[in-house]
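Notes to accompany the following structure.
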Amino acid sequence: MRRDDVRNIAIIAHVDHGKTTLVDCLLRQSGEFRESQLRGDCILDSNELERERGITILAKNIALPYAGRKINIIDTPGHADFGGEVERVLRMADGALVLVDAAEGPMPQTRFVLSKALECKLKPIVVVNKIDRPEARPHEVVDEVLDLFIDLGIDDEELDFPYIFASARDGFATEDPEVPGDSIHPLLDLVVEHIPGPEVEAEEPLQMLVTTLDWSEYVGRIAVGRIMAGSITRGQQVAMIGRDATRQEKITQLYVFDKLGRAEVDTASAGDIVALVGLEKVEIGDTICDVEAERPLPRLDVDPPTIEMVFRTNTSPLVGREGKYVTSRNLRDRLIKELERNVALRVAPIEGTESFAVSGRGLLHLSVLIETMRREGYELAIGKPRVITRVRDGVHEEPFETLVVEVPPEQTGPVMELVGARRGQTIDVTTRGNFTHLVFSIPARGLIGLRTRLLNATQGQAIIHHRFESYRPLEGEIEQRANGVLVSMTGGKAVAFGLDGLQDRAELFVGPGDEIYEGMIVGENSRGNDMVVNPSKEKKLTNMRASGSDRNILLKPPRQLTLETALEYIAEDELAEVTPTKIRLRKILLS
Ligand code: GDP
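If you count the sequence shown from 1, position 447 lands on 447 in UniProt numbering, and the numbers rise without skipping.
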């Protein structure tokens, strides 16, 4: 049975193509609300880091009333997928708005989410946005999206997808890009008409798959998901079928989404996307059901972490503490808070120390966390990334991942070479249209440092994803040195990162604008102290030369790096090559 009073749709968009503006516009035009209620954080707004990296990190949901129906809008994470989140989120929806900039056209980075959406059988509606732009080429962009769908292997009969033109900024959608409209309603009409209502088993006992976890200071853990069958009532005792055991807890509060975020309700039924409070033991992938009728749905688990790093507060005597949060207590509280939402992350205190072992889905996953914390004002030292191995029945095992790389066909050679050199085995190569889709099986340790290399080898065009595959017996030894320390300071000045502890070397800098530089200028000042100069300050070097100090060495031209690349370098000890002379820094002068 299908419900007609609800539509569940996901929005898929490249960063900057107008998702926030569109959702804002939909909210404004879809019913009664007070202007003041819309300010604040109720509207989707990407955080600064998401924008810079071109990825969406958190998924947020809202709902709007339209034509007697409720339209749930599910925000999808962008191309960064840490542990299978994209797929879990998409499973809640029946359709997808594919939002594309009318000038830029579809971006390769959205291919992954789009292909997942099509795999999950979501009905697409293409929205060509920003048609008010002078550079807009609306019809061409529709053709490009069509080509993209063909590339993704969509069948001919399914190619007949609806599309519409819009200017989210000016607040309208229209069928004819030459004729601006006066409201966004034509888009909502398309949604109602083309996206099916949720298929439900209303009369069956309750079944709901927990898709996402959220957390709030006031109520604790919040389980989010779509009810597939039956209904839920506030106060109800439910069974949670977990991986190993079934537990029972009581739902103390029940929420559905609304225009301003969440609204508390007494009951919700199949087809609704709900948030449940009171289930402290619930995990992603659990099925929630009636205590008398346990019917598990197939699990959609979170991939296990494969990379671990030690986090501790900065205790280096060489650098002053400049951050806002510098104590172990600060660090602990922040990491515990992070765990509530960042479901693929694990944090464990290391006994007898003030350090924490933090593990996640790869270097990108961990570096997003580190960078976020650094920007918030946390000052921390981070150990070298290492692969998480395990012992089963006396056998040492290491994690393997399924790696998917998408590149233009002419670049498959360098990709296969790089992946092959890291013990990656080719599973599948398919070329469709402008992209070749390569699938490999690779040890997780082989992924360290691979992303940067793949991007370099393909002029930035490779699109890279990986999912957990399995543990396999360890071949050879994994060298696990624990001495790498990365000190990240937050005072806004230049910062040095050291490889073997700051006492020995410093090779990476964070500049005044938070940018990270590779390479440095080292010299000795007139008092005989070694000094490190922010690489952007060439002039300083010249002055040092002029003042009679001739032991200046320019190690490598400064180059801007992302934190992830910096971590890759540290993981691989590559910086050792960059610094042939081991320089002992007695004093660091940050300029
Ligand atoms: P998001 O990253 O996808 O959430 O994109 P935003 O909604 O933040 O929009 C990115 C930029 O595009 C902002 O500067 C918006 O003002 C602008 N923008 C969004 N929609 C339109 C539109 O329809 N026309 C024009 N000209 N600009 C738009």
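We put the CB at the ideal spot given by N, CA and C, even for glycine.
| Item | Value |
| --- | --- |
| Identify whether Ser30 lies in helix, strand or coil by the three-state DSSP scheme. | coil |
| Please report how far the alpha carbon of Pro106 lies from the alpha carbon of Glu354, in whole angstroms. | 47 Å |
| I want to know whether the region 117 to 134 touches the region 185 to 205 - three or more CB-CB distances under 8 Å. | yes |
| Ignore the nearest five residues each way along the sequence and tell me which others in Gln236's own chain have a CB closer than 6 Å to its CB. | Ile251 |
| Can you list, in chain order, the residues of its chain whose CB lies under 7 Å from that of Ala268, leaving out five sequence neighbours each side? | Ile227, Ser231, Ile232, Leu254, Val256, Val274 |
| Do the region 80 to 93 and the region 298 to 307 make contact, defined as three or more Cβ pairs closer than 8 Å? | yes |
| Compute the distance between the beta-carbons of Leu213 and Val282, then report whether it is under 9 Å. | yes |
| With contact counted as at least three CB pairs below 8 Å, one residue from each stretch, are the region 391 to 411 and the region 459 to 476 in contact? | yes |
| Taking the runs of the beta strand (DSSP E) that are 3 residues or longer, which of them lie wholly in the region 374 to 433? | 380 to 383, 390 to 392, 395 to 407, 425 to 432 |
| From the DSSP secondary-structure annotation, give me the bridge partner or partners of residue 593. | Only positions 1 to 591 of the chain appear in this structure, which leaves residue 593 out of reach. |
| In angstroms with no decimal places, state the Cα-to-Cα distance between Thr436 and His465. | 14 Å |
| In chain order, what residues place their C-beta within less than 6 Å of a heavy atom belonging to the ligand GDP? | Ala13, Val15, Asp16, His17, Gly18, Lys19, Thr20, Thr21, Ser46, Asn129, Lys130, Asp132, Arg133, Ser167, Ala168, Arg169 |
| Please return the same chain residues whose Cβ sits closer than 7 Å to the Cβ of Arg3, not counting the five positions on each side in sequence. | Gly197, Pro198, Val200, Gly271 |
| According to DSSP, is Thr353 helix, strand or coil? | coil |
| Beta-carbon within less than 8 Å of Gly95's beta-carbon, same chain only, minus the 5 sequence neighbours each way: which residues are those? | Arg7, Asn8, Ile9, Ala10, Leu122, Lys123, Pro124, Ile125, Val191, His194, Ile195, Pro196 |
| Need the endpoints of the alpha helix (DSSP H) that Val191 sits in, please. | 185 to 194 |
| By a C-beta neighbour count over all protein chains shown, 10 Å radius and 16 as the cutoff for buried, is Lys324 buried or exposed? | exposed |
| Going by the CB atoms, is the gap between Pro443 and Val387 shorter than 9 Å? | yes |
| In three-state terms, what does DSSP make of Ala444? | helix |
| Compute the distance between the beta-carbons of Ala102 and Arg69, then report whether it is under 9 Å. | no |
| Report the three-state DSSP secondary structure of residue 596 (helix, strand or coil). | This structure cannot settle anything about residue 596, because the visible part of the chain is limited to 1 through 591. |
| Specify, as a first and last residue, the run of the alpha helix (DSSP H) that Asp160 falls within. | Careful: Asp160 lies outside any alpha helix (DSSP H) and carries neither H nor E. |
| Hey, Pro409 and Asn434: beta-carbon distance below 9 Å or not? | yes |
| Less than 8 Å between the CB atoms is what I'm expecting for Val419 and Ile427, so what's the real figure, rounded? | Not quite, the Cβ-Cβ distance comes to about 11 Å (not below 8 Å), so this is no contact. |
| Measuring CB to CB, does Asp240 end up less than 9 Å from Asp182? | The question names Asp, but residue 240 in the sequence shown is Met. Contact flag unset, no. |
| Could you tell me which of Lys259, Val219, Thr431 sits nearest to Glu280, measuring between CA atoms? | Val219 |
| Near Ile154, which residues of its chain fall below 7 Å by C-beta distance, leaving aside the five closest residues on each side in sequence? | Leu118 |
| Any idea which residues DSSP pairs Cys289 with across the strands? | Gln207, Ala239 |
| What are the partner residues of Asp214, as DSSP defines its beta bridges? | Ile222 |
| Do you know offhand how far Ala173's Cα is from Arg432's? | 32 Å |
| Apply the 10 Å Cβ neighbour rule to Ala223 and answer buried if 16 or more other Cβ atoms are within range, or exposed otherwise. | buried |
| Which residue from Leu345, Thr372, Glu371, Ala462 puts its Cα closest to that of Gly360? | Leu345 |
| Skipping 5 residues on each side, what residues in its chain have a beta carbon closer than 7 Å to that of Lys19? | Ile11, Ala13, Leu44, Leu99 |
| Provide the residue span of the beta strand (DSSP E) that contains Lys123, from first to last. | 123 to 129 |
| Decide if Asn529 is buried, meaning its Cβ has at least 16 other Cβ atoms within 10 Å, or exposed. | Below a pLDDT of 50, predicted positions are generally treated as unreliable, and Asn529, at 46, falls in that range; the measurement from the model is reported next regardless. By the neighbour-count rule (16 or more Cβ atoms within 10 Å), Asn529 is not buried but exposed. |
| Where does His14 sit, in a helix, a strand or coil, going by DSSP? | coil |
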